[in-house]
Amino acid sequence: MKRLYFIISLLFVINSLFSQESSQNYVLTRTFLNESGTKYIDNIQYFDGLGRPIQTVQKGVTPNRSNLVTLQEYDGFGRATKSWLPHVSTSSYLDPVSFKSAVPGTYNGDSRPYDETVYEDSPLNRVVKQYGPGASWGTHPVSTSYLTNDDSKELVCKYYYVTSTDSLAQDKVYPARELYVAKSTDEDGNVSYLFTDKLGRQLLSRQMLNATPYDTYYVYDDFDNLRFVLPPGYQDTDSLSLFAYQYKYDEYGRCIEKTLPGCEVVKYVYDKADNLIFSQDGVQRKKGEWTFYLYDLFHRLVMRGICTNTNTSLVKSQIVKTQLARNSSTRMILAAGIGDTGYSSSFGISSPVLHTVNYYDDYTFLNLSGFSGKEGGSVNAKGLLTGNITFDLDGYTSYCTVSHYDTHGRVTKVISDNAMRGTETTTTSYTFTGKPLVVEYSHVARSVSPPLFSHIETYRYTYDHAERLTKVTHQLDEDPSVVLSENAYDELGRLQSKRFHGNSNLTTNYSYNIRNWVTKISGNSFKQSLYYDSNDGGSPACFNGNVSVMEWRVGTTASQRYDFSYDALNRLLSADYSSFQLAVTGNFPNFSERVLEYDKQGNIRRLQRYGKDSHFSSIQGPPKYTYPRVDDLTLNYRGNQLINVSDAGIDPLASGSFNYIDLHDDGSDDFAYDANGNLTKDLDKDINSISYNCLNLPEEISFTDNGNPRSISYSYDANGLKLSAEHVITDFTLTPMSSLSVQGNMSTSSPTRHFIKTFYGGNVIYKSNNTIYGDKWSSPKTRIERILTEEGYITLDGEDHEYHYYLKDHLGNIRVVMNQDGETIEQSNNYYPFGGIFESTGDGEQPYKFGGKEFDPMHGLNWCDFGNRYLRNDGPGWMSIDPLCEKYYSISPYVYCNNNPVNCIDPDGRDWYQNNTTGAYYWQEGHEPIDGYTYIGPEVSIQLGQNSYFNAYQNAGVVANKAVSAFDLIYSSGKLQNQFLGKDSPLSENSKSELFNGLVNREVNELGLELGQRLLYAEAILSGIGSVGSIGRLGNLLFKNMTKGGKTAFFKGAKYSNKVVSQMKKADDIVHSFPKSVDGYATKFGQWSIKIGADGKVYQWLEMPGSYGGKTGVFEYIKDANGIINHRYFKIP
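Sequence positions in the sequence shown follow mature numbering (1 follows the signal peptide of the UniProt record, and there is no 0) and run -19 to -1, 1 to 1114.
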């Protein structure tokens, strides 16, 4: 009996150790967090008798080490119906009844803590309604109806086609019931239609504004190439040059010409290996210039620059080879070839001006000029970028970079030159799971006063047991470390509070609704409340994610408020301001901003603003304030380009008031643009010319002289990184004149010119001020202005330094700048929705304002530098065309955030980022750090609901029932490779190149990713995720009509060849009659590779040496995207 008792006890202990319900079917997944295996996270997934996942338990992941439990329900047909939100529990398994009764307590008693999907009554199992979590959304689903076209206003579709002469034509409309139509209605009743043909091609996207359709048509040629995109504006004014996106292709399906709205054609030239070798935009064409691109044997970009070739068409008939000159004995790269980089090209490059040069695989380039003093890494870096030279855009000044890696391919050290003739060294150590643990920045500058300045910053990161970031410390040189920020999380893993500098007065708390949308940001110096589905007695409630009311308060000042309204296209119509603080005159302040009219493209046609004006009742008395209409703008466009603004508002006298200044009101054009769509003239700001570099970034801004010379200039490197900004100011000093001067003149004025220059040396900002008085120069001194940190900046005063912290709103706008003492508000900013500042204190303290971006007010410019382009917030709109405009065909490429600046942001660059405050995900291409966001990389998995994950690669992705690597999915599926790498891919060329190189260099014998029969993913790739998107709405807007099907990883075990060719040709000396048994051997044991066909599709390819019929040769195979062998032959040498 004792022995039996002991065995039962032992079994009980073992079961407790693994902590899962033994009576249920389950899979336990353990993710190790350290090398010894003593720290890990367990995830338990339970399945019913049919193998369907019904419950997931994340063990001990909450801050208090409780479990997070989710539940999935199915209907009688096995379709997922209810996905319950996570519930905090100490149990490792909850029966469904207990779970359902307990989970409302996690969400303040909400009766609908689940997503619900409703299907149509048909074998097609199409989704007709989707209810989001929350009782407020119980009567506000996203609905989908499945229709066909007819001749009614909502369902009619014009028939566009491409003629034999490559022109656009229209022939009435499609016959009834010829097209599929999906009608979508969002939570607020906004309606849109998607028309597709029987080939699955999208022909028309229609949004309804009341009874007015906003139509975007897609026109294809006979080869299924997208040739024209006709945005809504084209339906009112059928001008291709003003509104349409136009594309031309060669016989291999490669885009050779692209014309964007309002711009001249961009041309592309490829070699026989499908490499893009030359491109030329409209501005370059006038200069006789091309941009050239050179690649190594693995199709990796090794060189980019500007040239003056006139023979670019000859490249089509050859494969351009780029090789390195090496010392035959040491293998070191020789200073030869183009610009002494070691690279030479088989195709001559005329008068090259280099922009970037890349080196891969090893460090044999270190003997080249510019890399002196930079050491190489000790770990094998095969397949990785090891060196880079980036030039400024004149091609004379170079900045060299060396990158080191660890055995996992993670960057551990980067040594690079900076704009201050010094160096930046970044050294990073990682946790076992790849999160940064210690990051050390070493900065050296030589072009400063004193002549050498250096400092070292050290960031240390601390994570909790679930790998949530809990603390960041910062150390400057040998000074004591400062706790830069401390994060606390609620039991659902959401950021609950953030404290700066270890100071309780610098604590910000966050609250959320059931959908994880931020509802409150509260601290001593800044408070903000956001209302969505509840309006607090103001504007109509919004259920689709739009903010209906925003309240805020700075310090002890009175609360302020905006009530928002939107149209059916989710564009902001009005922001009605209110405050409870009376002005001196007894008037309530009014800083409302209202859009009275948009055009079909989303360009603002009528805009009104209210602001502060001052009046003086006596010379010595204080001003009295009123709040009139300071802007009443009528904006006129040519296509999408603003050409004229007239203002019927008053010009306020109050200091610091914001309004549009109309200096040029004779009715003629105020604005002009170049061939790339960049603004080159703004007479309303007295700007007579703006010049741009080849990256479409402004370089020189010249103002009308008027006896007062002024200018602004910016410099960049070839990657668009701003290196400096210079402002020239001229004033006049009264000087007595000699008695021998002209009779009657007692004095004259001598001009004094100030050259104020800002240098950007990494995260260290320098300032210099040089003055010319007459013909005399002052001695300029360059000093440090500030050192930027992750949470604000540091100012230096001799041996002392002081920390300053940014307090931001839900969009990342900097509202308050606090001193480290937690008591002093050094700067505060209140914004109109489109970015204008209507109230500010401490304006000169620091320049980062709206969107967290640098604001340039000099000479009345009022531009915000967003990195890729500049924003004017008085107009409002962008100065140049959106680099990603082809992902947003239906709106003007000059519109800011689709005219929804209350809910959207437009961060710099274009890659995946997560907002540190809200948890929302954003995508933008590039890898630059963004203040307030955590860089995730090109891949991210985002949970859309129970057992529904969006697995993203760049701006596209795959939906699956689990979080997996999108790259692994692409690697394992030829069909996905077709969609991601083919000509209709939503990825940019850079992203496609990055993906392809990753596939080529991934030489593994086993994929290591068992998808299994239960992994069902969408077969459609997203057309593109915006630079801003609420992931809570992705499921509603982007995953309406997904086709599901089980897939198997047939690329498993494949190795990728380094050789890629553009065409698949059959030679005449091939034997086709060898036995089929060879096919089976090749399929099972062959090392298959990738080829890209002339049709732009991805194929599997195999070359296998062997003998047949007494002859020695090579068996060659080609498989299509479905794994079917469609080409086999035996090639005899």
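For each residue, glycine too, the CB sits at the ideal point set by N, CA and C.
For residue i, three-class secondary structure by DSSP
i: E867; result: helix
i: T98; result: strand
i: H455; result: strand
i: W118; result: helix
i: Y233; result: coil
i: G773; result: strand
i: L366; result: strand
i: N880; result: helix
i: M839; result: helix
i: T87; result: helix
i: T10; result: strand
i: Y215; result: helix
i: G41; result: coil
i: E1097; result: strand
i: residue 1155; result: The first residue shown for the chain is -19 and the last is 1114, placing residue 1155 beyond what the model contains.
Nearest neighbour of residue i, chosen from the options [CA to CA]
i: Y606; options: D628, Q216, F569, L616; result: F569
i: Y195; options: L550, S82, G1087, P1086; result: L550
i: N849; options: G841, K834, N843; result: K834
i: F434; options: V50, G742, S3, L52; result: G742
i: T51; options: V535, I862, Y27; result: Y27
i: Y774; options: K1100, D790, T303, E807; result: E807
i: K517; options: G1094, T500, T166; result: Checking the sequence shown, residue 517 turns out to be Asp, not Lys. Considering only alpha carbons, the answer is T500.
i: E867; options: P122, D647, S4, L211; result: L211
i: I396; options: I370, T388, T537; result: I370
i: G32; options: G59, G41, S17, E16; result: G59
i: K593; options: K164, E574, E578; result: E574
Contact belief for residue i with residue j at Cβ below 8 Å, rounded distance in angstroms
i: D698; j: F372; result: 7 Å
i: P213; j: S871; result: 6 Å
i: D473; j: Y786; result: Reading off the sequence, residue 473 comes out as Leu, not Asp. Actually they do not touch by this definition, with Cβ atoms about 26 Å apart.
i: P828; j: F836; result: 5 Å
i: L349; j: A316; result: 6 Å
i: V283; j: Y324; result: 6 Å
Other residues of its chain near residue i: CB distance less than 6 Å, five sequence neighbours each side excluded
i: K239; result: Y228, V247
i: Y422; result: T407, E438
i: Q622; result: G243, Y654
i: T776; result: R767, E783
i: P44; result: Y470
i: G1013; result: For G1013, the pLDDT reaches just 31, beneath the cut-off of 50, and the residue's location in the model is therefore unreliable, leaving the point undetermined.
Through-space distance from residue j to residue i, alpha-carbon basis
i: T805; j: N490; result: 19 Å
i: Q265; j: N674; result: 10 Å
i: I668; j: K738; result: 20 Å
i: G79; j: N106; result: It should be noted that the sequence gives Ser, not Gly, for residue 79. Roughly 30 Å separates the two Cα atoms.
i: V425; j: E772; result: 22 Å
i: T146; j: Y230; result: 13 Å
i: D632; j: V611; result: 6 Å
i: K253; j: F1096; result: 25 Å
i: N130; j: V172; result: 16 Å
i: L678; j: R1109; result: 52 Å
i: T10; j: L66; result: 20 Å
i: P34; j: S485; result: 44 Å
i: K297; j: L852; result: 40 Å
i: C878; j: I753; result: 43 Å
i: V162; j: F176; result: 5 Å
Contact with chain C by residue i, beta-carbon distance below 8 Å
i: A225; result: No chain C appears in the structure shown, which is made up of a single protein chain.
Other residues of its chain near residue i: CB distance less than 8 Å, five sequence neighbours each side excluded
i: V626; result: L614, T615, L616, N617, Y641, D643, D651, D665, G856
i: V429; result: M401, Y747, T763, R764, I765
i: S636; result: S595
Contacts around residue i, its chain only, beta-carbon distance under 7 Å, and the 5 residues preceding and following it disregarded
i: G725; result: Caution is warranted here: a pLDDT of 36 is assigned to G725, below 50, making its placement in the model unreliable, and no coordinate value can be reported.
i: T378; result: F372
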